[in-house]
Amino acid sequence: MKRINQIPAEFAGSLDLLAKSTGLNNFTEQAQNELASNQVIGYCEPGELCILLKPIFRKGKLGMLIWAAISRGKNGISKYLPVFLKIAKETHTEFIEFQTKRPGFRRLAKKIDFTQAHSSNGFFVFRREV
Numbered sequence: 228m229k230r231i232n233q234i235p236a237e238f239a240g241s242l243d244l245l246a247k248s249t250g251l252n253n254f255t256e257q258a259q260n261e262l263a264s265n266q267v268i269g270y271c272e273p274g275e276l277c278i279l280l281k282p283i284f285r286k287g288k289l290g291m292l293i294w295a296a297i298s299r300g301k302n303g304i305s306k307y308l309p310v311f312l313k314i315a316k317e318t319h320t321e322f323i324e325f326q327t328k329r330p331g332f333r334r335l336a337k338k339i340d341f342t343q344a345h346s347s348n349g350f351f352v353f354r355r356e357v
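In my numbering, the protein residues as written are 228 to 357.
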């Protein structure tokens, strides 16, 4: 997986569609700005996965938010979770968090050792300690 400094064209449309489904417009433009200002770290596996990670703080602990992700391969989240855990450990992150409006992610979250932390603005929030 390669670190990116801009959204690859092959994932831009999919990220915009994902964002629109949650009420966000012009997501790719916002993401490009966040990448350029180092507020977000991006990784890509061409043709398979694009992920944007954002540092967050909760109760004085450093965490890593999976801000946006598109996986085109089968079981992409499970397949790349070891990579995310490695990045988290290397950056001294204490937890990984992701948010979704898709209720089906509850089953997946359990399988990959994430627990539902809370719900916020219609999103399910899942967390895993590192």
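Here a beta-carbon is modelled for each residue, glycine too, at the ideal position from N, C-alpha and C.
task = From the DSSP output, read off the bridge partner residues of residue 307.
result = The partner list for residue 307 (beta bridge, DSSP) is empty, contrary to what the question assumes.
key: Three-way DSSP call (helix, strand, coil) for residue 240 in this model   = helix
request  = Give the straight-line distance between the Cα atoms of residue 251 and residue 316, rounded to the nearest whole angstrom.
outcome  = 30 Å
task = Spell out the partners DSSP gives residue 229 in its beta bridges.
result = 271
ask   = Opposite residue 356 in the DSSP bridges: which residues?
value = 322
request  = State the beta-bridge partners of residue 278 as determined by DSSP.
outcome  = 270 and 296
query = Do you know how far the Cα of residue 281 is from the Cα of residue 318?
reply = 12 Å
For residue 343: DSSP bridge partner residues = 353
request  = Using DSSP bridges, identify the partner residues of residue 290.
outcome  = 283 and 322
request  = Determine the burial state of residue 242: buried for a count of at least 16 other Cβ atoms within 10 Å of its Cβ, exposed for fewer.
outcome  = buried
inquiry  = Out of 355, 239 and 291, which one is the CA nearest neighbour of residue 253?
reply    = 239
ask   = Is it true that the segment 303 to 316 meets the segment 229 to 239, where meeting means three or more beta-carbon pairs spaced less than 8 Å apart?
value = no
query = Just checking, does the segment 347 to 356 make contact with the segment 319 to 329 on the three C-beta pairs under 8 Å criterion?
reply = yes
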